[in-house]
Structures are given as C-alpha cells and as structure tokens.
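The opening residue of the sequence shown carries number 41 in the numbering used here; numbering runs sequentially from there. Please read the structure below before turning to the comments.
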Amino acid sequence: MSRVWFSGALETVATFWRVARRDGVALGFTTHDADLWFDGLVHRAMPGMLPSAIRRSADLEPDSAEVEGALSHESISQADLAAGRFDGARVAIGVVDWQTLERHVLYRGAIGQVEEQDGKFSAELVSRKAELQRDPIPRTSPTCRAEFCGPGCGLSAARFTIEARVSAADLFANTVTIDGSIATDTLQSGYLRWIDGPLTGLTVEIAAVAGNQLTLAMPLDQAIPAGSRVFLREGCDRTVATCASRFANAENFRGEPFLPGNDLIARYPSPSA
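Given below as structure tokens:
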C-alpha cells in the first residue's frame, strides 16, 4: 500500500533532488540537515535548496518546476554552471522520509536555462512530457539523419575513437595541438572529449583540422596543461558516398540522396544547340 504523504500532524519528510549530468557525474541533495544515502547515491544536506514550484497535470501538457537556492555547496560552482556542465542534465525531484528512507519522485525532467544572480541560481526544468511534442516522423534529406555511431547508424563508436594527448592549447585561436602521429584528417566534424584537466568530462565538436591542430567549436576559457588526455572520435559528413566508400555502411544510410529537391520546380527546358 502506497503511503499518503503529509497526512499526519507531524511528518519526518524532506525534499530531495538528483542531477545526472551529461558528463557522467551524478549529484544528490536534500533539504534535511544531514546527508541521506538511498538509490545508490549520497544526497548531501543542502537546506537552502528547495523546489519553489512544481505543477503536475494529468494531460499531455508538459509539467513545470523550478529550483532555487544559494551556491553554497562545493558540488555546484559558478564555473561549472558557466561551462554548461549542468545544461541538459536529467533531474528527479521528490520527497523522502529521513527516518525510514521511504521516498516518492514527484517530478522528472531536464535542466534547461540556468541563471545566476547575486550569488543565487535558478534553473528552468523541462518536463519529460515535452518529448511528446517532438515530431517523430523524419523529414526527407539528401544527407544522413542518423547520428554517427548512434541509433540507426549501426557502427560502433569504439572503432572510431582513440585516446591522445594535447601537447599545446591556444586559448585565443581556440585550438589544441595533438601529440604524436594520428590520422587527423578523419576528425573533421568529429568530437573531442576531455579526460584530464579542468574540462574533464566535457565534449566539444571539432570544427576544423589543420595537421595536428584542431579548432574546437566551443571557446576554451581555461588553461589546458600540456599532456592532458582526450578521446578523439572521427567525424562523418553524412553523405552517401562517404558512408559507402569509407565506412561500407550504405545499407544503414538514413537519407534520400537521389530524391529530387525543390530546385526541380524551377527547372525549364532549353532548346538544343
């Protein structure tokens, strides 16, 4: 039998919320005055953190929630918020009995926009119901719609990912130089994931390649120590020619390269010479 929360005059109930960041870091917090361990995660005491409003509906309209609090815990820093480490993180908010650890999740969603002002932050939470508003029907396109090494592609990311070291980084040019001899020409439109250094866990797209020098799509705002390790994953230009010749994967191509486009409407016959 499920518990009826707040049915008594005095309840041993606290609020908890969990954050699962895209870089693999999981954080747990509670409004209780002591740390709580449940669901395989320590929920740190953070009495200043509270959900200011949670709205749930029985229809398909997205639920809404907001979380506000002071930046008082070392797990949440202004630098991480500014670097986007919490953008798109999955969030669960609920109530927990701090004596029996019986718990119930009230809200599930993801972090949208994060704002910081006067030492406090507010996070806009996007309900999982928002996924129902996404059109699941794919549109025709001459290039592949599948993510490289993702669902629909069929290729293993491990085959096209290598570990390397950064020998130098230029913050002004937004470039990093890779140590050693690797086939950098295949990294165009690929991804770099930091293993060491101040940006550990973050993934950034490779915008351009010139020899062993990689230009990143996101600006470097922190000094990168020489020798920092990274994962480099190859890129794909999503054309059927590349899919067939380079990856031998044309059977999984998710596009219509030979379908006439809108320019067919503007064509007109011309007299023969």
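All C-beta atoms in this analysis are idealised placements derived from N, C-alpha and C, irrespective of residue type, glycine included.
Ranked by how close their Cα comes to the Cα of Cys193, the residues Arg58, Cys283, Pro259 have Cys283 in first place. Counting other Cβ atoms within 10 Å of its Cβ, Thr71 reaches 16 or more and is therefore classed as buried. The stretch 274 to 289 makes contact with the stretch 221 to 235, as at least three CB pairs between them are under 8 Å. Of Asp63, Ala119, Phe287, Gly68, the smallest CA-CA separation from Thr240 is found for Asp63. With a contact defined as Cβ atoms closer than 8 Å, Leu76 and Leu146 miss out at about 16 Å.
Ala49 sits exposed, since fewer than 16 C-beta atoms from the chains shown fall within 10 Å of its C-beta. From the listed residues Leu260, Ile222, Ile202, Thr180, the smallest Cα separation to Thr215 is found for Leu260.
For Thr282, the enclosing alpha helix (DSSP H) stretches over residues 280 to 285.
Across the set Glu291, Ala263, Tyr231, the C-alpha of Tyr231 shows the shortest separation from the C-alpha of Ala248. In this structure, Phe56 places its C-beta atom within 9 Å of the C-beta atom of Gly134. Cβ-Cβ distances below 7 Å link Arg185 to Pro178, Arg294, Gly295 in the same chain, with the five nearest sequence neighbours on each side left out; the list follows chain order. For Asp79, there is no enclosing alpha helix (DSSP H), as DSSP gives it neither H nor E.
When DSSP states are grouped into helix, strand and coil, Leu146 belongs to the strand group.
The beta carbon of Ser181 sits closer than 8 Å to the beta carbons of Gly295, Glu296 from its chain, once the five residues preceding and following it are set aside; these are given in chain order. Residue pairing from DSSP places Arg130 in a beta bridge opposite Ala60, Ala150. Counting along the chain, Leu67 sits inside the beta strand (DSSP E) bounded by residues 66 to 70. Under the three-state reduction of DSSP output, Ala263 falls in the coil class, being neither helix nor strand. For Thr140, the secondary structure class from DSSP, reduced to helix, strand or coil, is coil. Secondary structure at Leu239: coil, using DSSP grouped into helix, strand and coil.
The criterion of a C-beta distance shorter than 9 Å is not satisfied by Gln139 and Thr243. Shown here for Ile222: same chain residues with a beta carbon closer than 8 Å to its own, the five before and five after excluded, namely Ile202, Ala204, Asn252, Leu272 in chain order.
For Ala119, the enclosing alpha helix (DSSP H) starts and ends at 118 to 122. Closest in C-alpha terms to Ala198, from the list Phe188, Ser207, Val206, comes Phe188. Pro191 and Val82 have their C-alpha atoms some 33 Å from each other.
Counting only the Cα atoms, Arg233 lies some 13 Å from Leu254.
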